[in-house]
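**Student:** Numbering (the numbering used here), first residue to last: 19 to 460. Glycine included, each C-beta is placed from N, C-alpha and C at the ideal position. I'd like to ask some things about the structure below.
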Amino acid sequence: MRVIYNAIECARFANASPKIMTDIAWVGRAELKKNPAMFLQILAKLKALDPAYRLHVAGPITEPVFTRYLNHMATKLGLSGHLLFYGHVDDMPAWFRDKGVLLSTTLYESFGLNIGEAMAAGAFPVIHDFPGADELWPRECLFSTVDEAVELICGARPGQYVDYVRERYDAPLQFAAVDALLAEPNRKKADQIVFTHQGQEVFLHLPDRKDHIQKSIALSGDFYEPEMLADMRERVRASALPENATAIDVGANIGNHTVYMSRILGLHTLALEPSRRSYEVLCRNIALNGLEASVEAHLCGAGPAPGRAHVRTRDAGNWGMNQLCEDAHGEVEVRRLDDLTRTGPVVLMKVDVEGMELDVLRGAAGILRHDRPLLYVEAAEEAGRQRIEDFLAGFGYHIGQRFNATPTYLFLHPEGHLSAMARGLETPRAQNLRRRLRRRTG
Numbered sequence: 019m020r021v022i023y024n025a026i027e028c029a030r031f032a033n034a035s036p037k038i039m040t041d042i043a044w045v046g047r048a049e050l051k052k053n054p055a056m057f058l059q060i061l062a063k064l065k066a067l068d069p070a071y072r073l074h075v076a077g078p079i080t081e082p083v084f085t086r087y088l089n090h091m092a093t094k095l096g097l098s099g100h101l102l103f104y105g106h107v108d109d110m111p112a113w114f115r116d117k118g119v120l121l122s123t124t125l126y127e128s129f130g131l132n133i134g135e136a137m138a139a140g141a142f143p144v145i146h147d148f149p150g151a152d153e154l155w156p157r158e159c160l161f162s163t164v165d166e167a168v169e170l171i172c173g174a175r176p177g178q179y180v181d182y183v184r185e186r187y188d189a190p191l192q193f194a195a196v197d198a199l200l201a202e203p204n205r206k207k208a209d210q211i212v213f214t215h216q217g218q219e220v221f222l223h224l225p226d227r228k229d230h231i232q233k234s235i236a237l238s239g240d241f242y243e244p245e246m247l248a249d250m251r252e253r254v255r256a257s258a259l260p261e262n263a264t265a266i267d268v269g270a271n272i273g274n275h276t277v278y279m280s281r282i283l284g285l286h287t288l289a290l291e292p293s294r295r296s297y298e299v300l301c302r303n304i305a306l307n308g309l310e311a312s313v314e315a316h317l318c319g320a321g322p323a324p325g326r327a328h329v330r331t332r333d334a335g336n337w338g339m340n341q342l343c344e345d346a347h348g349e350v351e352v353r354r355l356d357d358l359t360r361t362g363p364v365v366l367m368k369v370d371v372e373g374m375e376l377d378v379l380r381g382a383a384g385i386l387r388h389d390r391p392l393l394y395v396e397a398a399e400e401a402g403r404q405r406i407e408d409f410l411a412g413f414g415y416h417i418g419q420r421f422n423a424t425p426t427y428l429f430l431h432p433e434g435h436l437s438a439m440a441r442g443l444e445t446p447r448a449q450n451l452r453r454r455l456r457r458r459t460g
């Protein structure tokens, strides 16, 4: 059975406002199953440690006995002024904006939407370990006793679990999963293509056949840029992969390379795409191929330092030509690759970001130094290629082959995880192709 959990509008709740770590949010319909006795005991212990702690309660009160109980116990425990009630709140993103901690004391939940929304807003989650909680939320955030909850709250840090929610429950991911599930009885739709590659059935959603990449896939009935992908495959198969080997696809577009890395190469894959339109198609293609467990999609760009940017459309007929422009007030988050949470060593990276490749690599210095992955980097201009080559030489990389109509270069490190073929720059397939071309031309 496949379970698709609630969708969380992470973009709606995202904010960079400072958090007040002594302001604790508690959200939900106020009823006895929400376990008010526990949150009162937790608040009382916190107040004894620091009088600045306050519990903010948002949600309608449906049981009169709940109000009587809370007023009675708040007086008994000396919590007047530390327990604040808001009732129904229309604008939850604004309400969450400065809350440092989300406390959930519920006895049971099917999911806990308020928990995910608070995490998306940057609050640190402290969650009663109700049955099934460990399948939904970070185990290190669960508590069984009042003392455990107090310890978690005292050590809370803001923003720590924003990515956790975004990578698992973000609305585009969940909607794409629903679309894919509904499409299963009839996957041969006008905006989808199905083909077999290396014995694997592949499904790709192609909503715009005027787009260069999508049109190429539809006409060929295969992945885009197949020669470069075949080179990746031969190098991966010739090497002993480390446990939890990871690939990174920077400039993932609609997911052509992402799906290949995960489905064909079997690598855990991180996919970064700053354009929301492309990101939504990427998420759908991940879901169509059942890759949610092995692919983490990020709606963001990559650069040398964290920041903001906006997406500039250079060619409406080519989604892959979108360019990221630095903009302190832009709608797109920019992250360093070194800051991404990874399950294992990075063995392969593809970087195609329309002239910003060197900036991306500067933000991946730790990965280059420690993991030494294979690098497939686009460089449309010779001067740009030279700058990239000079930068990577400082990490021990040398240039290998060139692929694709827009030049994309392979850079190798002799001691990388996929180093079995690093000294022989050409794969057997490439060598055979070169020999055939030589025979044809004499």
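1. Can you list, in chain order, the residues of its chain with a C-beta nearer than 8 Å to that of residue 354? Leave out the 5 residues immediately preceding and following it.
2. Taking contact to mean at least 3 C-beta pairs separated by less than 8 Å, is the segment 354-365 in contact with the segment 257-275?
3. Count the other C-beta atoms from every protein chain shown that fall within 10 angstroms of the C-beta of residue 204, then say buried if there are 16 or more, exposed otherwise.
4. Mind pulling the alpha helix (DSSP H) runs of 4 or more residues that sit fully within the segment 139-199?
5. Cα-Cα, which of 346, 190, 368 is closest to residue 421?
6. Return the CA-CA distance between residue 285 and residue 90, expressed in angstroms with no decimal places.
7. What number of angstroms, rounded off, separates the C-alpha of residue 110 from the C-alpha of residue 131?
8. Have a look at the DSSP bridge pairing and note the partners of residue 122.
9. I'd like the list of long-range same chain contacts for residue 350, defined as Cβ closer than 7 Å, with 5 residues on each side in sequence excluded.
10. Who are the near neighbours of residue 30 in its chain, counting only those whose CB is closer than 6 Å to its CB and skipping five residues on each side?
11. Which residues in the same chain have their Cβ closer than 6 Å to the Cβ of residue 134, if we skip the five residues on either side of it in sequence?
12. Are the CB atoms of residue 114 and residue 43 within a distance shorter than 8 Å?
13. I'd like to confirm the pairing. Which residues does DSSP put opposite residue 286 in its beta bridges?
14. Between the Cα of residue 69 and the Cα atoms of 147, 174, 410, 101, which residue gives the shortest distance?
15. Along the chain, which unbroken stretches of the beta strand (DSSP E) at least 3 residues long are found entirely within the segment 361-403?
16. Using three-state DSSP, classify residue 80 as helix, strand or coil.
17. If I'm right that residue 55 touches residue 75 with Cβ under 8 Å, what's the distance once you round it to whole angstroms?
18. Can you give me the Cβ contacts of residue 405 inside the same chain, cut-off strictly under 8 Å, excluding the 5 residues immediately before and after it?
19. Please report the straight-line C-alpha distance between residue 32 and residue 256, rounded to a whole angstrom.
20. With a 10 Å radius around its C-beta and 16 neighbouring C-beta atoms as the bar for buried, classify residue 18 as buried or exposed.
21. Please report the residue range of the alpha helix (DSSP H) in which residue 245 lies.
22. From the DSSP output, in three-state form, read off residue 22 for me.
23. State yes or no: is the C-beta of residue 283 within less than 8 Å of the C-beta of residue 313?
24. Quick check: residue 63 and residue 164, are their CB atoms within less than 8 Å of each other?
25. Around the Cβ of residue 125, are there at least 16 other Cβ atoms within 10 angstroms (buried) or fewer (exposed)?
26. So, is residue 108 buried or exposed, given that buried needs 16 or more other C-beta atoms within 10 angstroms?
27. Output yes or no for whether 8 Å exceeds the beta carbon distance between residue 52 and residue 116.
28. Using beta-carbon positions only, say whether residue 118 and residue 139 come within less than 8 Å of one another.
29. Helix, strand or coil for residue 31? Go by DSSP, reduced to three states.
30. Using DSSP's beta-bridge definition, name the partner residues of residue 342.
31. Could you please give me the residues that DSSP links to residue 417 through a beta bridge?
32. Is the CB-CB distance between residue 223 and residue 240 below 8 Å?
33. Please name the residue in 372, 370, 192, 412 whose C-alpha comes closest to that of residue 315.
34. Cα separation between residue 21 and residue 430?
35. Rounded to whole angstroms, what is the Cα-Cα separation between residue 461 and residue 105?
36. Where does residue 388 land, buried or exposed, given buried means 16+ other C-beta within 10 angstroms?
**Tutor:** Considering the structure as presented:
1. For residue 354, where only same-chain residues beyond five positions count, the Cβ hits under 8 Å are 320, 321, 322, 323, 324, 381, 382.
2. Counting C-beta pairs with one atom in each stretch, the segment 354-365 and the segment 257-275 have three or more that are closer than 8 Å, which means they touch.
3. Reliability fails at residue 204, whose pLDDT of 47 lies under 50, so the model's placement of it is uncertain and no value is given.
4. DSSP runs (the alpha helix (DSSP H)) wholly in the segment 139-199: 151-154, 164-172, 180-187.
5. Considering only alpha carbons, the answer is 368.
6. Between residue 285 and residue 90, the alpha-carbon positions lie close to 57 Å from each other.
7. About 12 Å.
8. 145.
9. So the list reads 292, 318, 319, 326, 327, 328, 329, 342, once near-sequence residues are dropped.
10. Annotation for residue 30: 111 place their beta carbon closer than 6 Å to its own, counting only its chain and skipping 5 residues before and after.
11. In its chain, beyond the 5 residues on either side, 26, 183, 187 have a beta carbon closer than 6 Å to the beta carbon of residue 134.
12. Judged by beta-carbon spacing, residue 114 lies within the 8 Å limit of residue 43, meaning their Cβ atoms are closer than that value.
13. DSSP lists 264 as the beta-bridge partner residues of residue 286.
14. For the residues 147, 174, 410, 101, the minimum Cα distance to residue 69 belongs to 101.
15. Listed in chain order, the beta strand (DSSP E) elements of length 3 or more contained wholly in the segment 361-403 are 364-369, 392-396.
16. Note: residue 80 maps to coil in three-state DSSP.
17. About 14 Å separates the beta carbon of residue 55 from that of residue 75, a gap too long to meet the 8 Å contact definition.
18. For residue 405, where only same-chain residues beyond five positions count, the Cβ hits under 8 Å are 376.
19. C-alpha separation (whole angstroms): 43 Å.
20. As shown, the chain starts at 19 and ends at 460. That puts residue 18 outside it, with no answer to give.
21. Here the alpha helix (DSSP H) through residue 245 covers 244-255.
22. In the structure shown, residue 22 sits in coil (DSSP, three-state: anything other than H, G, I, E or B).
23. At least 8 Å separates the beta-carbon of residue 283 from that of residue 313.
24. Yes, they are a contact pair.
25. Counting the other CB atoms within 10 Å of its CB gives residue 125 a total below 16, which places it among the exposed residues.
26. It is exposed - the Cβ of residue 108 has fewer than 16 other Cβ atoms within 10 Å.
27. At a Cβ-Cβ threshold of 8 Å, residue 52 and residue 116 do not count as neighbours.
28. Against a cut-off of 8 Å, the Cβ pair of residue 139 and residue 118 comes out as no contact.
29. DSSP, read as helix, strand or coil, puts residue 31 in helix.
30. DSSP lists 329 as the bridge partner or partners of residue 342.
31. Under DSSP, residue 417 forms a beta bridge with 429.
32. Going by C-beta atoms, residue 223 is not nearer than 8 Å to residue 240.
33. Residue 192 holds the alpha-carbon nearest to the alpha-carbon of residue 315 among 372, 370, 192, 412.
34. About 41 Å.
35. Shown here, the chain extends from 19 to 460; a query on residue 461 therefore has no answer.
36. With a 10 Å radius around the Cβ and a threshold of 16 neighbouring Cβ atoms, residue 388 comes out exposed.
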